[in-house]
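As structure tokens, the structure follows; a few thoughts come after it.
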Amino acid sequence: ICIGMIIDATIIQVENVQRHLSEAGKGRSTIHDVFKAVIEVRKPSIFGELIIALTFLPIVLLQGYEGKMFSPLAFTVGIALLASLLLSIFVIPVLCSLVLKPGHEKESFLLRAAKRVYLPVLKFGLRRKAVVIGAAVLLLASAVAVIPRLGTEFLPVMDEGAFDMDFQLLPGVSLDKALEISKLVEQKIMAFPEMAVIVGKTGQTGIAIEARGVDKTGYVGALRPRSEWKNAKTSAELMDKMRQAVADVPGMVISFSQPIQCRINELMEGTRAEVLVKVFGEDMDVLKSTSEDIARVLSGVRGAKDILVEQVSGQPYIAITVDRAKIARFGINVRDVLDVVEIAVEGKPASLMYEENKFFDIITRFAEDHRDSIEKLKTILIGAPGGYRVPLGDLAVVEAVEGPAQISRENGQRRIGVEMNVAGRDIGGFVKEARDRVRRDVKLPGGTFISWGGQFENQQRAMARLMVITPAVIALIFFLLLMTFNSARLALLVLLNLPFALIGGVFALLISGLYLSVPASVGFIVLFGVAVLNGLVLVSYVSQLQDCGMPVEQAILKGTETRLRPVLMTASIGVFSLIPMLFATGPGSEIQKPLAVVVVGGLISSTLLTLLVLPVLYGFFRKKPESRIPESELEV
22 ICIGMIIDAT
32 IIQVENVQRH
42 LSEAGKGRST
52 IHDVFKAVIE
62 VRKPSIFGEL
72 IIALTFLPIV
82 LLQGYEGKMF
92 SPLAFTVGIA
102 LLASLLLSIF
112 VIPVLCSLVL
122 KPGHEKESFL
132 LRAAKRVYLP
142 VLKFGLRRKA
152 VVIGAAVLLL
162 ASAVAVIPRL
172 GTEFLPVMDE
182 GAFDMDFQLL
192 PGVSLDKALE
202 ISKLVEQKIM
212 AFPEMAVIVG
222 KTGQTGIAIE
232 ARGVDKTGYV
242 GALRPRSEWK
252 NAKTSAELMD
262 KMRQAVADVP
272 GMVISFSQPI
282 QCRINELMEG
292 TRAEVLVKVF
302 GEDMDVLKST
312 SEDIARVLSG
322 VRGAKDILVE
332 QVSGQPYIAI
342 TVDRAKIARF
352 GINVRDVLDV
362 VEIAVEGKPA
372 SLMYEENKFF
382 DIITRFAEDH
392 RDSIEKLKTI
402 LIGAPGGYRV
412 PLGDLAVVEA
422 VEGPAQISRE
432 NGQRRIGVEM
442 NVAGRDIGGF
452 VKEARDRVRR
462 DVKLPGGTFI
472 SWGGQFENQQ
482 RAMARLMVIT
492 PAVIALIFFL
502 LLMTFNSARL
512 ALLVLLNLPF
522 ALIGGVFALL
532 ISGLYLSVPA
542 SVGFIVLFGV
552 AVLNGLVLVS
562 YVSQLQDCGM
572 PVEQAILKGT
582 ETRLRPVLMT
592 ASIGVFSLIP
602 MLFATGPGSE
612 IQKPLAVVVV
622 GGLISSTLLT
632 LLVLPVLYGF
642 FRKKPESRIP
652 ESELEV
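Position 608 (the sequence shown) corresponds to 629 in the working numbering; numbering is contiguous.
Rendered as structure tokens:
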């Protein structure tokens with residue numbers, strides 16, 4: 022990312038030194054010309070690099086997962102820019118005096134071609150200022166109108182070359198039945214030639230991240246290389262066909278994802294899905310019915326996949342209700358009954374076993390064939406005073422009931438989650454439509470409320486933070502520009518390059534079919550610094566010429582022609598340095614691509630509009646020289 026940025030100051034200085042040496046007459050000191058050339062561009066080059074480094078401040082201040090992902094980028098680029106700035110100040114001028122020689126420089130055919138096209142267009146723009154300004158405003162308005170159509174997401178979906186699948190059966194299903202269904206599902210999935218290997222796991226102990234009953238089975242599978250695929254072209258298409266293949270398995274709710282993606286979602290929001298609707302309240306029955314209504318409504322929203330309501334009921338229990346009147350006649354208390362039942366069914370430590378420097382509890386309980394049915398539990402004998410033993414069935418009602426499978430809480434409040442994935446559209450647009458549908462079609466009972474989580478919540482948080490930090494950084498950029506020009510109007514003129522950069526970035530996202538995500542937003546932030554540098558180089562030299570007494574239009578024509586080469590060089594090197602990110606295809610390239618697309622598109626638009634619109638606007642911002650630079654100072 023920073024390959025182009027770290028040599029911007031060097032490009033500006035070397036180009037100016039080369040121009041001065043080519044214009045120098047015989048007998049002139051090389052050191053004199055190098056010094057003059059470096060002093061001439063010292064402010065735009067130094068302050069330009071500082072401004073680029075400053076634009077990375079919002080990235081450093083990002084929090085959460087996006088902060089962990091992009092903060093190293095900001096620190097790395099900041100250190101590289103600082104090193105390049107010191108190099109351009111202390112080393113590059115010395116190298117120029119040693120390596121570059123005076124003499125006429127032959128212009129390249131590319132620069133000659135650029136001038137042949139650019140100068141007539143610029144002269145036309147200076148004569149038809151209203152046309153140029155109107156076209157720029159129209160382009161900017163079009164870009165602003167396109168932004169709501171881009172769609173939003175937290176991070177682009179990364180193609181991991183693997184898939185993660187979970188399916189859920191009814192609570193209380195037996196282990197044998199769960200394994201039978203899991204083998205059937207595995208056979209259906211492995212029938213796809215795109216599959217290389219698949220590993221399943223039914224249930225999960227409490228030692229892991231979360232305890233899962235045997236009603237839940239998870240699969241992780243590796244896919245073959247894309248060149249060997251036959252049934253699908255993309256991972257999303259393949260997962261759709263897998264959904265269809267297992268849709269006829271009865272009593273099962275299934276969801277597809279990717280291993281890294283679902284782990285990140287789970288760590289951030291406690292769910293493996295991309296979107297989570299959290300229904301809060303106190304009555305579990307009300308929460309269950311409300312969440313089912315929400316799931317029914319969301320199933321009709323375009324893009325909704327793998328909708329799953331958190332299973333909170335259907336778990337079979339054996340309820341033992343002690344009859345206090347009966348136990349009182351036998352002189353037995355409730356605690357005596359429960360202790361015996363606990364020993365019989367669950368077991369209690371009776372002793373310790375010592376082996377190889379470790380202690381192990383010895384648990385005693387009834388053999389399984391004495392506790393595997395309600396009738397057998399009723400025969401458990403409870404001790405009474407006087408040596409009597411009374412069967413449990415004579416003291417309590419023992420029956421099978423259905424109860425909650427789990428009760429989830431968040432911030433001390435009960436909740437049920439409705440989770441889903443999104444396919445074929447952006448998450449931001451999906452959540453907006455889903456919210457409207459739920460608000461319209463689902464009536465929330467009293468004491469019940471909902472909130473939306475998942476990737477959408479992270480994206481909203483990141484964007485909100487950037488919306489606060491970025492204006493403050495733009496204000497700091499304006500302050501640095503003010504220090505450069507000692508003119509608020511010229512600083513504001515250079516700052517107009519930011520919307521010019523926005524135009525190209527927005528249309529680049531639209532053409533490439535990418536959504537406005539956190540990486541794309543980071544790309545816009547990076548772009549702002551580079552765009553300001555181009556305007557700074559151009560406007561500072563035009564202002565210097567005017568300070569020497571040159572008329573406005575002549576200063577504009579002379580300055581833009583002279584600074585055409587460094588502006589094109591810094592922009593083109595910035596574009597070329599991002600080509601590997603644009604065309605990368607390996608894992609993780611999906612996250613890099615929006616950043617590169619925005620910067621490349623913005624560099625193209627800001628460069629073109631910098632060379633045309635800024636010179637046209639310059640006459641409005643500064644018509645008369647504010648100060649006259651003495652010839653002695655110009656000659657150093």
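For each residue, glycine too, the CB sits at the ideal point set by N, CA and C.
Just so you know, these numbers come straight off a predicted model, no measurement behind them.
Given residue i as reference, the closest of the options once Cα atoms are compared
i    : options                : result
V443 : G609, G544, K326       : K326
D261 : R247, G324, S310, S248 : G324
D180 : N518, R247, V218, G221 : R247
S429 : V422, G438, V98, E423  : G438
C283 : M186, Q567, S564       : M186
V618 : L531, G550, G580       : L531
I52  : R482, S118, V138       : S118
A522 : L535, I546, V539       : I546
L487 : R586, I67, E87         : E87
G544 : H41, Q34, F91          : F91
R461 : P412, L516, D314, G534 : D314
A294 : F470, F130, E331       : E331
G335 : Q279, V142, D306       : D306
T223 : G449, R233, E215, P214 : R233
D269 : V194, F506, I202, F77  : I202
A166 : R137, I210, V527       : V527
I24  : P608, P601, K614       : P601
I448 : K464, E431, Q480       : Q480
D192 : D236, L288, K150, A199 : Here residue 192 turns out to be Pro, not Asp, going by the sequence shown. Ranking D236, L288, K150, A199 by Cα distance to P192 puts D236 first.
Q427 : V361, V296, V333, M484 : V333
S109 : R392, L373, I33        : I33
Counterpart residues of residue i in DSSP-defined beta bridges
i    : result
M374 : F381
G221 : Y240
K299 : G438, S472
T606 : In DSSP, T606 forms no bridge with anything.
A340 : E420
K369 : T385
Interface flag, residue i vs chain C, CB-CB below 7 Å
i    : result
M186 : No chain C appears in the structure shown, which is made up of a single protein chain.
Residue i in three-state terms, based on DSSP
i    : result
V120 : helix
D185 : strand
V588 : helix
L190 : coil
R233 : strand
M216 : strand
A405 : coil
D327 : strand
L537 : strand
A257 : helix
V322 : coil
R649 : Because the pLDDT at R649 is just 47, under 50, the model does not fix this residue reliably, and the value given afterwards should be weighed accordingly. Of the three classes helix, strand and coil, the one that applies to R649 here is coil, per DSSP.
A166 : helix
R245 : coil
I28  : helix
P615 : helix
T583 : helix
V411 : strand
E173 : The displayed chain sequence assigns Thr, not Glu, to residue 173. In the structure shown, T173 sits in a strand (DSSP, three-state: E or B).
E128 : coil
Q84  : coil
Q332 : coil
V35  : helix
Heavy atom of the ligand ATP within 6 Å of residue i beta-carbon
i    : result
P492 : No copy of the ligand ATP appears in this structure; indeed no ligand is present at all.
What runs of the alpha helix (DSSP H), each 4 residues or longer, lie entirely inside the region 420-503? 448-462
Suppose only complete runs of 4+ residues qualify. What are the alpha helix (DSSP H) ranges in the region 269-293, listed by chain order? 280-290
Do three or more CB pairs link the region 631-641 to the region 145-165 at distances below 8 Å? yes
Would you say the region 193-207 touches the region 261-276, given that touching needs at least three Cβ pairs under 8 Å? yes
Closer than 8 Å is the cut-off here; do at least three beta carbon pairs connect the region 588-597 with the region 96-109? no
Quick check: the region 474-487 against the region 161-176, are at least 3 beta-carbon pairs closer than 8 Å? yes
Does the region 63-81 come close enough to the region 489-499 to have 3 or more Cβ pairs within less than 8 Å? yes
Decide yes or no for the touch test of the region 252-267 against the region 394-412: beta carbon pairs closer than 8 Å, at least 3 of them. no
Evaluate the contact criterion for the region 576-584 versus the region 100-107: three or more CB pairs, one atom per stretch, below 8 Å. no
Between the region 337-351 and the region 415-431, can you find at least three pairs of beta-carbon atoms closer than 8 Å? yes
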